[in-house]
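Step one of this worksheet: look at the structure below.
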Ligand code: GLY
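Residue numbers (this note's numbering): 13 to 572.
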């Protein structure tokens with residue numbers, strides 16, 4: 013159903029809410045255990061935890077460790093992530109983002125002439141931030157876990173030790189990665205560890221199995237202290253990396269207040285800084301609503317819709333570049349950036365048929381891309397949206413010798429030099445400059461939506477800066493354009509991030525007429541696919557879960 017009048021009220025703003033024509037439609041069916049996962053191993057293992065009476069957080073912990081084995085492109089123990097939680101009557105947000113090592117400094121990726129050295133923040137030991145995943149899962153278990161830690165880590169240990177059958181898509185990703193890094197002359201031990209992972213064969217990871225056993229037996233200390241820590245630090249010293257024992261022991265996962273806002277009679281519960289994603293999604297859906305106050309709501313994926321959403325994206329990314337960083341180091345004006353009046357003003361000059369001049373879009377007040385996401389709902393209606401990353405596909409490309417896991421290249425998410433784009437084409441400034449123990453700005457946006465205090469949507473995606481578009485559009489598809497979970501994740505998406513100028517990144521699947529109309533308006537079309545949305549939708553009719561068909565995901569809903 014297309015709404016005649018929509019408007020956003022951000023929870024922390026004082027602007028008035030307006031008419032919501034489905035506000036009384038608060039009933040949803042009983043909750044059902046449901047998982048939407050990036051691969052079959054994580055889906056089956058997480059569902060088994062739910063069937064044994066574990067809650068959504070228990071299942072998330074199991075999924076995170078399984079993905080470290082079966083989805084090495086992005087699943088990890090050598091990276092970090094964010095977890096958005098609705099548990100009973102409360103909401104919560106776990107920040108287990110990597111931190112810059114103590115000896116990191118703002119100019120560490122610049123040459124003597126002050127230019128950014130290509131690849132240093134992307135490949136090799138110096139590209140890694142201090143990993144946060146194990147500390148994050150340990151913190152989640154301490155606060156919300158009900159099943160034994162040892163039980164939750166066990167499926168990952170088994171899959172690493174006894175092996176899993178390699179999916180064709182994983183085998184292709186590995187082969188492509190090896191040939192590309194060899195072509196570029198990038199030094200890496202990746203092929204020593206992964207070249208035997210051929211489609212349809214059983215692949216074992218004995219070193220990783222030992223690391224996971226240490227974590228299983230000793231918890232967080234099994235990673236940040238002892239033998240695994242020594243493997244990490246020795247590897248850093250031998251390969252020019254910065255992470256020390258002190259750094260590993262200094263790492264802390266942080267519980268933060270999620271960003272919450274009301275929209276259309278729903279409550280969004282999403283990622284606060286150091287993610288830019290929650291603020292960006294709030295701005296994106298808010299500016300669409302502000303546009304709709306003076307124009308008819310454009311049909312989903314029409315030329316006008318893609319253009320208007322692209323104009324909004326320009327404004328969103330101008331703000332992101334200027335204001336967003338680690339809230340423990342810089343003051344991020346979240347309240348001002350999500351204020352309804354500010355959002356209305358930002359949208360006021362959007363024209364339905366003409367492209368704005370890119371250099372005129374300034375910050376308004378006076379960040380192959382991987383990462384992976386999963387969504388879980390348990391029988392009690394608790395829910396977890398979890399996005400986790402080692403940044404690019406296979407992270408830094410380096411496996412810690414003796415410990416068997418890939419390290420992140422998350423340092424590239426900092427702004428190496430103001431105005432110089434990172435891998436994702438995102439520019440940044442002072443707020444996201446490198447500092448010791450600072451967390452790099454992220455776009456990860458694990459998001460929950462509630463209505464009448466019941467979770468009705470769980471969504472998220474990988475994809476660097478495109479995460480924000482995938483989350484905003486999956487949410488709009490499911491709730492504003494009332495699509496089923498399958499339709500919401502598989503409907504083609506698009507992304508615009510201010511720069512490169514007037515360029516829209518688009519999935520295949522849009523009509524030729526729409527693409528031609530956008531080109532006639534002056535847009536350049538970039539056809540590289542992005543994202544892998546895993547979404548759960550709960551309605552009166554029950555619970556639906558869907559994983560985007562282009563990936564190797566699996567979704568399961570346990571019948572009543
Ligand atoms: N490394 C991608 C992100 O955190 O946005």
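C-beta atoms are modelled at their ideal positions from N, C-alpha and C, and glycine is treated no differently. Note that this is a predicted model, so its numbers are computed, not measured.
When the alpha-carbon of residue 376 is set against those of 325, 555, 416, 396, the nearest one is in 325.
Nearest neighbour of residue 383 by Cα position, chosen from 261, 418, 371, turns out to be 418. Counting C-beta pairs with one atom in each stretch, the stretch 86-99 and the stretch 170-189 have fewer than three that are closer than 8 Å, which means they do not touch. Following the DSSP letters along the chain, one finds residue 107 inside the beta strand (DSSP E) bounded by residues 102-107. Look at residue 336: its beta carbon is at least 6 Å from all of the heavy atoms in the ligand GLY. In this structure, residue 403 has its beta carbon less than 6 Å from a heavy atom of the ligand GLY. Counted as a single uninterrupted DSSP element, the stretch harbouring residue 519 is not any alpha helix (DSSP H), since DSSP gives it neither H nor E. Taking 8 Å as the upper bound for CB-CB distance, residue 502 and residue 91 are not in contact here, some 27 Å apart. Considering only 514, 499, 218, 330, the residue with the shortest C-alpha distance to residue 557 is 499. In this structure, residue 476 sits away from residue 482, with a CB-CB distance that is not shorter than 7 Å. Boundaries of the alpha helix (DSSP H) around residue 357: 352-359. Judged by pairs of C-beta atoms under 8 Å, the stretch 519-529 does not touch the stretch 478-496, as fewer than three such pairs exist. A contact between stretches requires three or more CB pairs, one per stretch, nearer than 8 Å, and the stretch 324-339 meets this requirement with the stretch 293-305. Rounded to whole angstroms, the gap between the alpha carbons of residue 552 and residue 465 is 14 Å. Nearest to residue 243 by C-alpha distance, out of 230, 414, 495, is 414.
Under a 10 Å Cβ-count criterion, residue 559 is classified as buried, with 16 or more other Cβ atoms of the shown protein chains found around its own Cβ. Burial state of residue 425 is buried, judged by a 10 Å Cβ sphere holding 16 or more other Cβ atoms. The C-beta distance from residue 567 to residue 55 rounds to 7 Å, short enough to meet the 8 Å contact threshold.
Uninterrupted alpha helix (DSSP H) stretches at least 4 residues long and entirely within the stretch 173-208 occur at 180-196, 202-206, given in chain order.
For residue 137 against residue 252, the beta-carbon gap comes to about 6 Å, under 8 Å, which counts as contact. When 267, 182, 73, 239 are compared, the shortest CA-CA separation from residue 158 is found for 73.
Residue pairing of residue 125 in beta bridges, as defined by DSSP: absent, with no partner found. Residue environment analysis places residue 395 among the buried positions, since at least 16 neighbouring C-beta atoms fall within 10 angstroms of its C-beta. Nearest C-alpha to residue 259 among 166, 305, 141, 307: 141. Inclusion of residue 456 in the 6 Å shell around the ligand GLY follows from its C-beta lying nearer than that to a non-hydrogen atom of the ligand. Nearest Cα to residue 437 within the set 416, 451, 507, 491: 507. Here DSSP, grouped into helix, strand and coil, assigns residue 388 to strand.
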